[in-house]
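Here the protein sequences line up with chains U and W, keeping their order. Numbered according to the numbering used here, the first sequence terminates at residue 127, and the numbering increases by one at each position without gaps. Numbered according to the numbering used here, the second sequence terminates at residue 390, and the numbering increases by one at each position without gaps.
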Amino acid sequence: MTSIAIALSRPRINRLYKLRGKQLLYPEGIVHLNDTAVKLLTLCDGTRRIIEIKDIVFDEYGFDMSINQDINDSFLQFYNNKWII
Amino acid sequence: MKTIYFKTILPRTRVKTRAAAGQPNWLLAELSYRCPLQCGYCSNPVEIAQYQDEIGTDQWKKVLKEGRELGCVQLGFSGGEPLVRQDLEELVLTANGLGYYTNLITSGIGLTEQRIKRLKENGLDSIQISFQSHESDLNDYIAGNDVYLKKIETAKLIKQYEFPLTFNIVLHRKNIDCIKDILDFAFSFEPDFIELANTQYSGGFALENRDYLLPSLEQVKQAKRIVDAYPKGESGIIYVFPDYHQGRPKACMGGWANNFIIVTPDGAVLPCLSARTLPGLNVPSVKDSTLGEVWNNSEMFNIFRGEDWMQEPCRTCPDKIIDFGGCRCQAYLLTGDKFATDPVCSLSPQHNLVTEFVEKERSDEFVFRNFENSKKIMANIKGKPVIQ
């Protein structure tokens with residue numbers, strides 16, 4: 043997926059997974075998440091585009107290019123792990 | 003500082019790894035030892051006939067609540083066959099309300115459309131269905147019942163109701179050579195996960211049938227080659243390795259009383275499926291203790307925590323933090339000493355017990371898992387280690 047396609051996508055959590063607190067649960071397995079990952083995944087409700095999710099994060103923490111990059115990297119990872127679709 | 007805050011490090015942890023804090027993640031609710039199948043590789047204890055007095059719905063609800071309070075997030079409903087309990091739907095509803103990820107681990111028999119619909123409504127999260135083979139004759143022979151077509155029907159129903167599907171098959175001498183066909187068959191259901199579980203001989207009926215089930219080293223190696231080369235596609239393949247052939251012990255249950263709590267149909271609380279076979283330990287019960295009390299204070303759960311209990315060669319072995327000395331039940335059942343190094347380990351002074359058995363000629367005598375055979379076996383054991 044290209045970075046533009048990612049930025050315009052409206053991700054939601056893959057039906058295999060369920061977010062519970064700081065844990066992402068799937069059939070017979072658990073992924074332990076850090077606060078950042080939880081924050082981003084919580085915003086993936088299928089209605090928000092990633093650019094909108096970024097706005098929410100920037101509103102809270104201020105804009106910073108390195109934060110922007112980290113969010114991009116995180117979402118790429120989420121897609122690669124199939125946590126979001 | 004903000005940058006550091008947003009550095010996303012995502013530790014990916016499967017259930018096998020050690021939990022960070024001293025709290026369990028997993029609760030396995032074995033609702034009943036009743037089962038329409040009679041698979042001789044079953045991990046249920048051979049004493050099932052003795053444990054038929056099942057705890058009630060309210061008691062199970064209390065267990066689910068206590069498990070969640072203790073930190074469990076993954077819940078497996080298993081058995082026997084959990085669908086024989088008519089209160090399964092009710093327990094799923096309770097579990098869902100408590101915030102568990104709920105897994106139904108089933109033979110597929112008894113899962114009617116009416117029940118699956120209800121389970122969906124009540125929030126069941128995923129279903130694992132077991133097959134015994136890719137073809138009907140062997141499937142139904144191992145299962146001791148004509149269930150093959152019904153299982154196929156059920157697997158389709160699970161997909162139709164959009165549950166995450168895990169296809170499970172237990173591998174042994176009689177089906178492992180067909181691994182390619184088994185994988186083709188498994189993929190035809192478009193599962194999310196395929197679990198290829200080499201039979202574990204750490205107790206129960208599997209150990210009773212070890213002489214029948216254990217494959218040769220060549221069979222195991224060939225199967226692994228085929229699995230490794232097989233195009234995986236979108237499904238994840240979970241391969242439970244055959245510890246008898248590997249020379250390394252498995253980190254049983256991710257370490258003793260580290261991650262798992264098991265509650266049996268009659269309310270016993272155990273750190274592993276076979277723990278009740280270990281001698282000299284009081285078996286805690288949900289009838290007189292909370293899960294928290296058992297987890298924190300019982301001898302059953304504390305006895306093999308940490309490293310102090312270990313003998314040589316485990317005590318000074320660098321791998322003790324990986325495999326925790328292997329399976330305690332297997333160690334006891336093969337050597338008579340529950341503190342011994344698991345003899346599947348090539349470093350165990352009693353490793354010959356395993357290697358000699360692997361090379362031995364197999365038998366064609368197969369003991370079906372049912373209450374009648376359970377009674378017969380119990381009459382013969384009289385509390386001694388089962389082996390030799």
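Glycine included, C-beta positions come from ideal geometry on N, C-alpha and C. Only a predicted model underlies this, so the values are computations on that prediction, with no experimental measurement involved.
Give me the Cα-Cα distance between residue i and residue j, rounded to the nearest whole angstrom.
i, j, result
"residue 298 of chain W", "residue 258 of chain W", "13 Å"
"residue 330 of chain W", "residue 44 of chain W", "18 Å"
"residue 345 of chain W", "residue 336 of chain W", "7 Å"
"residue 23 of chain W", "residue 151 of chain W", "Legend: pLDDT at residue 23 of chain W = 38, less than 50; position of this residue unreliable, value from coordinates given subsequently. Cα to Cα, the separation comes out at about 45 Å."
"residue 50 of chain U", "residue 71 of chain U", "30 Å"
"residue 191 of chain W", "residue 182 of chain W", "15 Å"
"residue 62 of chain U", "residue 69 of chain U", "14 Å"
"residue 146 of chain W", "residue 155 of chain W", "19 Å"
"residue 339 of chain W", "residue 313 of chain W", "11 Å"
"residue 120 of chain U", "residue 109 of chain W", "33 Å"
"residue 59 of chain U", "residue 66 of chain U", "6 Å"
"residue 1 of chain W", "residue 53 of chain W", "In this structure chain W extends from 3 to 390, so residue 1 of chain W is not present and cannot be described."
"residue 105 of chain U", "residue 78 of chain U", "16 Å"
"residue 40 of chain W", "residue 78 of chain W", "21 Å"
"residue 347 of chain W", "residue 174 of chain W", "20 Å"
"residue 371 of chain W", "residue 186 of chain W", "28 Å"
"residue 351 of chain W", "residue 271 of chain W", "32 Å"
"residue 197 of chain W", "residue 237 of chain W", "10 Å"
"residue 355 of chain W", "residue 55 of chain W", "36 Å"
"residue 105 of chain W", "residue 90 of chain W", "12 Å"
"residue 179 of chain W", "residue 111 of chain W", "26 Å"
"residue 57 of chain U", "residue 74 of chain U", "18 Å"
"residue 9 of chain W", "residue 318 of chain W", "At residue 9 of chain W the pLDDT is 40, less than 50, meaning the model places this residue with poor confidence; the figure from the coordinates comes in the next sentence. Using only the alpha carbons, I get a separation of about 38 Å."
"residue 246 of chain W", "residue 222 of chain W", "10 Å"
"residue 239 of chain W", "residue 160 of chain W", "19 Å"
"residue 141 of chain W", "residue 366 of chain W", "16 Å"
"residue 72 of chain W", "residue 303 of chain W", "14 Å"
"residue 103 of chain W", "residue 83 of chain U", "17 Å"
"residue 260 of chain W", "residue 327 of chain W", "14 Å"
"residue 81 of chain U", "residue 94 of chain U", "14 Å"
Residue i versus chain W: which residues are under 9 Å apart at the beta carbon?
i, result
"residue 83 of chain U", "Per Cβ cutoff of 9 Å: no residues; residue 83 of chain U is ~10 Å from chain W at best."
"residue 62 of chain U", "75, 101, 102 and 103"
Can you pull the chain U residues whose beta carbon is under 8 Å from the beta carbon of residue i, in chain order?
i, result
"residue 290 of chain W", "Those do not exist, as residue 290 of chain W stays about 30 Å from chain U at its closest Cβ, beyond 8 Å."
"residue 195 of chain W", "69 and 70"
Give the residues of chain W in contact with residue i, contact being defined as C-beta atoms less than 7 Å apart.
i, result
"residue 67 of chain U", "75, 76 and 103"
Anything in chain U within Cβ reach of residue i, meaning under 7 Å, just list it in chain order.
i, result
"residue 128 of chain W", "69"
"residue 372 of chain W", "Simply none; closest approach about 27 Å."
"residue 27 of chain W", "72"
What residues from chain W crowd round residue i, counting only those whose CB sits closer than 8 Å?
i, result
"residue 57 of chain U", "164 and 166"
Going by the DSSP bridge assignment, what does residue i pair with across the sheet?
i, result
"residue 76 of chain W", "W:28 and W:103"
"residue 68 of chain U", "U:71"
"residue 242 of chain W", "W:199"
"residue 228 of chain W", "Residue 228 of chain W is not bridged to any residue."
"residue 81 of chain W", "W:34"
"residue 305 of chain W", "Beta-bridge pairing links residue 305 of chain W to no other residue."
"residue 288 of chain W", "Partner(s): none; residue 288 of chain W has no beta bridge."
"residue 168 of chain W", "W:130 and W:195"
"residue 61 of chain U", "U:66"
"residue 44 of chain U", "Residue 44 of chain U is not bridged to any residue."
"residue 270 of chain W", "W:287"
"residue 54 of chain U", "U:87"
"residue 151 of chain W", "Residue 151 of chain W pairs with nothing; no bridge assigned."
"residue 318 of chain W", "Residue 318 of chain W pairs with nothing; no bridge assigned."
"residue 189 of chain W", "Answer is none; residue 189 of chain W lacks a bridge partner."
Given the structure, does residue i come close to the ligand COA, in the sense that its CB is under 7 Å from one of the ligand's heavy atoms?
i, result
"residue 359 of chain W", "The ligand COA is not part of the structure shown, which contains no ligands of any sort."
Check: Using 8 Å as the Cβ pair cut-off and three pairs as the minimum, do the stretch 203-212 of chain W and the stretch 156-167 of chain W touch?
Finding: no
Check: Going along the stretch 80-106 of chain W in order, which residues come within less than 7 Å of chain U, judged by CB to CB distance?
Finding: 101, 103 and 105
Check: Between the stretch 213-232 of chain W and the stretch 345-362 of chain W, do three or more beta carbon pairs fall short of 8 Å?
Finding: yes
Notebook entry, point to check: Between the stretch 283-302 of chain W and the stretch 188-205 of chain W, do at least 3 Cβ pairs fall closer than 8 Å?
Noted result: no
Next item on the list: Check whether the stretch 261-276 of chain W touches the stretch 225-240 of chain W, taking contact to mean three or more Cβ pairs, one atom from each stretch, closer than 8 Å.
Entry: no
Check: How do the stretch 166-177 of chain W and the stretch 132-141 of chain W stand: do at least 3 beta-carbon pairs fall below 8 Å, yes or no?
Finding: yes
Item checked: the stretch 217-229 of chain W in contact with the stretch 304-318 of chain W per 3-pair CB rule at 8 Å -> no
Next item on the list: Pair every Cβ in the stretch 79-86 of chain W with every Cβ in the stretch 61-68 of chain W, then say whether three or more of these pairs are closer than 8 Å.
Entry: no
Next item on the list: Report yes or no: do three or more beta-carbon pairs, one from the stretch 119-128 of chain W and one from the stretch 89-104 of chain W, lie closer than 8 Å?
Entry: yes
Notebook entry, point to check: When the Cβ atoms of the stretch 22-38 of chain W are set against those of the stretch 108-120 of chain U, are three or more pairs found closer than 8 Å?
Noted result: no
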